[in-house]
Amino acid sequence: MPIDNNKNDSLNLGKVNLKKRRSIHQQKPDSELVQIFWAAPLEAFFGQETIAPVTNKSIKTLECNRWRGVGIPYRKVGGRVLYRKRDVVTWLESHVLVSSTSEYNKEVHHD
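In terms of the numbering used here, the sequence shown has 31 at position 28, counting the first letter as 1, and numbering is strictly consecutive.
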């Protein structure tokens, strides 16, 4: 009996689309992710989907920073990247707080 590849492909595509649709509907708005982050204890762990809006960085930037070995410390658990809230807060606090670009240049370059 011949196999109808088109039928199998459409079934597989249906499963993929269903997964994509599920993940789209399960996403929370950035503002809600930020609220959840700040309400959590310091020892809580979060995925990059939460850390990106908290740090005002894109997921791609977080990925590149991990690849380059810079940025926020992270852990890999079962193939999933997790950031501890304490590490994120420490990283955020380590950055210079300035009110203008010229002030930033003075702080960074010690002019």
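Each residue gets a CB set at the ideal place from its N, CA and C atoms; glycine is no exception. A quick note: this is a predicted structure, and the numbers were derived from the prediction, not measured.
In the displayed model, V84 falls within a strand according to three-state DSSP.
R78 and P32 have their C-alpha atoms spaced approximately 24 Å apart. Annotation: the continuous alpha helix (DSSP H) that includes V57 extends over Q51 to T58. For Q38, the enclosing alpha helix (DSSP H) begins and ends at D33 to A42. Following the DSSP letters along the chain, one finds I62 inside the alpha helix (DSSP H) bounded by residues I62 to R71.
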